[in-house]
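If you read the sequence shown in full-length UniProt numbering, its first letter stands for residue 1, the second for the next number, and so on. Beta carbons are placed, not taken as given, at the ideal position from N, Cα and C, and that holds for glycine. Treat the numbers as computed from the prediction; the structure is a model and nothing was measured. Here the structure comes first, spelled out in structure tokens, and everything after it is commentary.
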Amino acid sequence: MNDLDAYRRQLVPPINIDESIVARGNSCSENDSAHGLSVEMIEHLKLLATAVCCADDSVVITTANLEFPGPAIVFVNKAFTRMTGYGPTEAIGRTPRILQGEKTDRTILERMKLDLKDGGVFYGQTINYRKDGSEFVNEWHIEPIYNITIANR
Numbered sequence: 001m002n003d004l005d006a007y008r009r010q011l012v013p014p015i016n017i018d019e020s021i022v023a024r025g026n027s028c029s030e031n032d033s034a035h036g037l038s039v040e041m042i043e044h045l046k047l048l049a050t051a052v053c054c055a056d057d058s059v060v061i062t063t064a065n066l067e068f069p070g071p072a073i074v075f076v077n078k079a080f081t082r083m084t085g086y087g088p089t090e091a092i093g094r095t096p097r098i099l100q101g102e103k104t105d106r107t108i109l110e111r112m113k114l115d116l117k118d119g120g121v122f123y124g125q126t127i128n129y130r131k132d133g134s135e136f137v138n139e140w141h142i143e144p145i146y147n148i149t150i151a152n153r
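In structure tokens, the structure reads:
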């Protein structure tokens, strides 16, 4: 498995599709491992997953819990790894607070928390820290995405 596959599997788990279904271009049945998704929808999801994984901007998806210990990371893309030094296996399940440090502006973090609790969009920037301890300027554009399955984890 290459790096792209590892990142993409975070978004679209492997789905085994009966090749005869693909050859006919038919939808998968409820009994198929694709859970009733059409072949076209599965291909669309794979394309979307590839675009997110290969984006030049860092993409991080977390749970919605904003109270301590904070949200848990459920997805990171390759740009996040390049920017922070944390790979998916190191970041997933941990809080984004792993990036915070001495120069991280707490007033910005409080504004982010309030904006997101109100269901708003947050834009901001502060100093964060890579895995090796070096500083970088983190610019955020965060929007709540509502998904009952993820939100209730």
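| query | result |
| --- | --- |
| E139, enclosing beta strand (DSSP E) - first and last residue | 135-142 |
| K117 classed as buried or exposed, judged by whether at least 16 other C-beta atoms fall within 10 angstroms | exposed |
| Beta-ladder partner(s) of T104, from DSSP | Answer is none; T104 lacks a bridge partner. |
| Beta-carbon spacing of E135, I127 below 7 Å | yes |
| Per-residue burial, N138 [other beta carbons within 10 Å of its own, 16 or more giving buried] | buried |
| Three-pair Cβ contact test at 8 Å for the region 77-90 versus the region 104-115 | no |
| Which residues DSSP lists as bridging F80, in chain order | In the DSSP output, where bridge partners are listed per residue, F80 has none listed. |
| According to DSSP, residues forming a beta bridge with F75 | I61 |
| For I92, the first and last residue of its enclosing alpha helix (DSSP H) | Taken as a continuous stretch (DSSP letters only), I92 belongs to no alpha helix (DSSP H), as it is neither H nor E. |
| Per DSSP, cross-strand counterpart(s) of G124 | W140 |
| Nearest residue (CA-CA) to Y129, options A55, G85, I61, L66 | G85 |
| Cβ pair A72, G93 closer than 7 Å | yes |
| Sequence-distant residues of its chain with Cβ nearer than 6 Å to I142 (five each side left out) | F122 |
| Presumed contact (8 Å Cβ cut-off) between T50 and P96, rounded CB distance | Contact flag wrong, Cβ pair sits at about 24 Å. |
| Limits of the unbroken alpha helix (DSSP H) element including K46 | 39-54 |
| Distance between S38 and Q100 (C-alpha atoms, nearest Å) | 42 Å |
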